Every structure is written in C-alpha cells, then in structure tokens.
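Every letter in the sequence shown is one number past the one before it in my numbering, and letter 301, counting from 1, is 303.
Where a beta carbon is used, it is the ideal one built from N, C-alpha and C, also for glycine.
Owing to the predicted nature of the structure, the values given are computational and were not obtained by experimental measurement.
Here the structure comes first, spelled out in structure tokens, and everything after it is commentary.
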Amino acid sequence: MQLQGKQVTVFGINRSGVAAAKLLQTFGATVTVTDTRTADTLSREIAELDNSHNSDQTGSLHRKFLGGHPPECIADADFIVVSPGVPLEIPILCDARARNLPILAELEVAARTCAAPIVAITGTKGKSTTTLLTAAILKATDRFRNVCVAGNIGVPLSAEVQNLTDKDIVVIEASSFQLESTVRFHPKVSVVLNLSRDHLDRHKTMAAYRAAKQKITDNQTPADWMILNGSDPTLKDFAASTAAQIVYFTDSGAPEDSTFSSVFRDGTKLFALSDGTRKKVCNVVDIPLRGAHNVQNVLAAIAVGLIFGATESQIQQALQTFDRSHPALSHAFEPVRTLTGIEFIDDSKATNVAAVKAALESIEDSKIILIMGGYDKGNDYTPLRQLVKDRVKTAVMLGEYTQQIEKTLVDTTDIVKAKTMAEAVRLAYKNAVPGNIVLLSPANASFDMYTDYKARGADFKAAVNALQPI
C-alpha cells in the first residue's frame with residue numbers, strides 16, 4: 003500500500019484509531035485525527051499520539067480535531083480511515099462518499115501492510131473463543147515463529163503488523179463494524195461461525211449486516227479456504243458466493259454428503275472427513291470450555307488447524323492445556339459461585355439473542371433463573387420463547403428498557419423486574435432452589451447502565467459474591 007506522502011484522516015481516537023495513526027505515520031503519511039469527544043476525555047490517547055513519533059517514522063501527525071468533525075478535517079485528505087466504533091452514516095462521511103473520497107477500515111489498512119498470512123474469524127457469537135482456540139492449535143503445530151492474535155479481541159492489527167513476517171501467522175477476530183469498510187481484505191482462511199440478528203441499530207437491516215460479514219471472503223481465491231457452519235442454513239449464500247475451498251463444521255452428526263471436507267461431532271467424538279476418509283481427532287471430553295455451544299467453536303478451530311497441518315495429538319494437547327484466563331473469555335458463560343446448591347453463571351458477554359439461545363441450550367438438567375435486559379440493538383426475541391418456556395423458571399428483567407422482551411416472553415415464564423444489578427441478583431436468588439442456575443445472559447448491549455459488558459459482568463459478580471445464605 004503506497005502511503006508515502008499521503009494525507010490521511012483517521013476518525014475515532016480509540017485503540018484502533020491510535021494504532022492506525024501510528025502505523026500510517028511509519029509508512030510516510032501525514033495524519034489528521036478527529037473525534038467527537040473532547041481533549042479532556044481523550045487525554046491518554048492524545049498523549050500516546052503526541053509521544054509516538056520516532057526516527058523510523060517518515061510521516062507526521064498533522065492536526066487534531068476534537069469535540070466534533072468539522073469539514074476541514076477532510077479537506078485535504080487522500081483517503082479516510084475509520085475506527086470500528088465510528089458509524090458510516092454520520093453526515094461528514096456521507097459527504098466524503100459523495101466526493102468519492104475512499105473510506106477504509108483500520109483492518110483494511112493494517113492487512114494491506116501485513117506480511118503474515120491471515121486467519122479471519124467472524125460470526126454473531128463465539129468469535130473471541132474460536133479465535134483463541136485457533137491460536138492455541140496453531141501454536142501447538144510449531145510451524146510458525148509467532149502466532150499473533152489481533153482484531154476485535156482487543157489488540158488492533160495496526161499495533162502488531164510491523165512485528166510480523168511471512169514466518170508468522172495472525173488470527174483475527176473480525177466484527178461486522180471492522181469488515182464493512184474493507185475493500186481488498188484477503189485472509190488465507192476465513193471462518194464464519196453463524197449469522198443471526200444483531201447490531202441492527204447500526205446496520206439497519208439484516209441484509210446490510212450480512213453484506214458486512216460476507217466481505218470476509220470477497221477477495222478470496224481457489225488457493226484460499228473458508229470454514230463454514232454446516233448446521234446454520236443462513237450461511238448457504240456464503241458458500242455460493244466464495245471462490246475459496248470450503249470446509250464445513252457441524253455438531254449434529256456425520257454429514258450426509260461425504261464428498262465435502264468437514265469436521266463434525268458424532269456422539270462423544272470429533273472427526274475430520276477429507277476425500278471420503280473419516281479420521282478421529284479427539285473426544286468431546288477434551289474440550290476445555292463449558293457449554294454445548296463451545297463444541298462448534300472447537301470444531302471450527304480444528305478445521306483451521308488441519309488446514310495448516312496440525313496433527314491429532316497436537317490438537318488434543320492444545321485443547322487439554324488451553325488457558326481460559328484470557329480477558330476476552332471473562333463474562334462468557336463463566337461460573338462465578340455456588341451458594342446453597344445454586345450456581346451463578348456470568349454470561350454478560352451475551353449481547354444478542356443468538357448468544358442467549360446458545361447459553362440456554364447448554365443447560366439441560368437444571369431450571370434457570372435468567373437475568374436479561376439492556377440496550378436493545380434491534381433484537382427479535384421470538385427465538386427464545388420455547389427455550390424460556392421449557393427451561394426458565396423465572397426471568398428477571400433488569401433496567402428500564404425491557405418492554406419488548408417482556409412482550410415477547412409473555413406467558414412463557416414468571417417475569418419480575420429489577421432496577422439495579424444487586425436487586426436483580428437478590429430476586430434471582432430468592433426465586434431459586436438448590437439445583438437451579440442463576441444465569442446473567444442479557445441479550446442486549448450494556449450501554450443503558452454500564453460502560454460495557456465487562457462492567458456489567460463485574461457488577462454481577464460483586465452482587466453474587468455479596469450474597470449471604472438464606
């Protein structure tokens with residue numbers, strides 16, 4: 003990517019925006035940054051940018067526009083780089099498109115300068131878990147000098163790309179926000195875990211959300227690979243549109259068509275099928291994470307590992323020694339405490355209906371007290387009705403904006419309301435008996451009450467740990 007002498011405006015001074023600005027300067031661009039937040043709010047990020055110049059950089063940080071995006075912030079720009087959190091429909095970006103000014107994702111710019119092959123993982127749920135499982139399996143092969151994890155999982159690719167060579171590999175968690183402004187993004191392996199209604203507050207329609215996800219494979223060729231969930235009928239269009247070789251994964255038994263390469267669960271074992279030959283990879287008990295939904299995540303990771311030559315013993319070793327202490331796995335179906343025979347599980351990361359559905363499906367033998375609510379991103383809660391009716395003893399609605407959930411779940415279970423997390427936890431405990439599970443699985447973002455799902459999960463844990471036996 004030719005950046006020497008280019009004028010570039012970076013929208014959004016968050017982790018991705020700061021990393022992109024520093025990378026652009028290294029390659030000779032003159033960078034302008036802009037954000038709607040004020041200098042006081044962004045003091046740490048501004049200090050990092052101001053102190054980032056070094057002798058390796060041939061570009062410079064030109065101007066900063068804070069507290070808004072005035073027209074002059076793009077007046078001289080050759081192109082724009084957007085951080086994932088910046089909506090593409092804000093007026094100034096609409097003006098930029100009208101002027102045919104290119105708008106590129108941070109992921110796009112970083113990937114164009116990346117020497118290492120890329121494995122990119124997307125989906126509505128399970129991205130972080132599958133990214134970490136994939137990285138663990140690739141590390142176990144000893145094939146790569148370094149296995150880098152980046153993207154939506156917390157480390158922007160722009161912050162890592164200069165340290166990568168063709169002897170390395172990078173595993174990227176790619177969100178729809180990151181993918182929607184890509185143009186030539188070209189992973190060696192793409193993984194699509196699932197697709198269901200989410201982020202319609204930003205994308206507006208399922209068609210637009212799907213189109214953003216589908217960009218993960220737009221530039222793949224027959225020399226590349228795509229890993230697809232064979233149990234998800236909504237992904238058929240992905241298979242039809244890609245030029246890459248396809249490997250399916252499924253947790254619902256051996257595939258009927260043995261001509262397709264696949265990785266699947268059959269009973270208590272996981273198998274790989276290639277060229278009509280079926281081979282056992284590992285046992286279900288080797289999976290290091292709780293919940294039936296994690297079987298699919300492991301299958302997808304195994305499929306990537308097999309493409310890069312991982313052996314059965316290497317895969318088993320990676321699974322058996324998997325470290326789930328990574329921050330990205332906190333608040334993801336995470337056991338917190340068992341009190342008087344009642345288990346409490348923190349699934350605050352379940353910010354959409356698909357994730358809640360997966361959590362409920364993973365609890366078969368216990369009645370559930372379910373805590374839900376938050377900032378609604380355009381959810382349809384209908385897919386939860388039967389599961390709630392079958393498995394949920396009481397649903398605790400948390401916060402002020404739960405009317406749509408209540409309306410959808412009416413007559414499926416007892417519904418009570420709480421204004422605070424502490425009250426929600428107390429009500430859940432009061433309604434539980436030994437053998438029940440109290441599950442925080444909100445189906446919504448946290449922005450009505452918290453800065454993010456981590457703060458919500460931490461509040462849940464604190465409330466649970468403060469409980470005294472009744």
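Just the C-alpha distance for residue 197 and residue 472, rounded to the nearest angstrom, thanks. 42 Å
Check whether the Cβ of residue 15 lies closer than 6 Å to any heavy atom of the ligand GDP, and answer yes or no. The ligand GDP is not part of the structure shown, which contains no ligands of any sort.
If you compare alpha carbons, which of 407, 458, 191, 343 is closest to residue 230? 191
Taking just the CA atoms, how far does residue 429 sit from residue 252? Taking the straight line joining both Cα atoms gives about 38 Å.
For the putative contact between residue 181 and residue 124, defined by C-beta atoms under 8 Å, what is the C-beta separation to the nearest angstrom? 7 Å
In whole angstroms, what separates the C-alpha of residue 317 from that of residue 201? 34 Å
Kindly list the residues whose CB is nearer than 6 Å to the CB of residue 496, restricted to its own chain and excluding five residues on each side of it in sequence; keep chain order. The structure shown does not extend to residue 496, since the chain spans only 3 to 472, so no value can be given for it.
For residue 47, does the count of other Cβ atoms within 10 angstroms reach 16, so buried, or fall short, so exposed? Only buried fits residue 47, as 16 or more other CB atoms lie within 10 angstroms of its CB.
May I ask which residues mark the beginning and end of the beta strand (DSSP E) holding residue 130? Unbroken run through residue 130 is the alpha helix (DSSP H), 129-142; no beta strand (DSSP E).
The beta strand (DSSP E) that contains residue 258, what's its start and end? Neither: residue 258 is in no beta strand (DSSP E) and is coded neither H nor E.
Does DSSP put residue 160 in a helix, a strand or coil? helix
Enumerate, from N- to C-terminal direction, the unbroken beta strand (DSSP E) stretches of 3 or more residues contained entirely within the segment 385-443. Segments of the beta strand (DSSP E) lying fully in the segment 385-443: 394-400, 416-420, 439-442.
Cβ atoms of residue 110 and residue 29: under 7 Å apart, would you say? With a cutoff of 7 Å on beta-carbon distance, residue 29 and residue 110 are scored as not near each other.
Please state whether the Cβ-Cβ distance between residue 94 and residue 71 is less than 7 Å. yes
With distances taken from CA atoms, which of 33, 340, 88 is nearest residue 63? Just measuring C-alpha positions, the residue of 33, 340, 88 sitting nearest residue 63 is 33.
Would you kindly check if the distance between the Cβ of residue 83 and the Cβ of residue 22 is under 7 Å? yes
Roughly how many angstroms separate the alpha carbons of residue 340 and residue 108, rounded to a whole number? Distance between the alpha carbons of residue 340 and residue 108 is about 43 Å.
Counting pairs of Cβ atoms below 8 Å between the segment 411-419 and the segment 322-337, do you hit three or more? no
Starting from residue 208, follow the alpha helix (DSSP H) in both directions and report where the run begins and ends. Following the DSSP letters along the chain, one finds residue 208 inside the alpha helix (DSSP H) bounded by residues 208-216.
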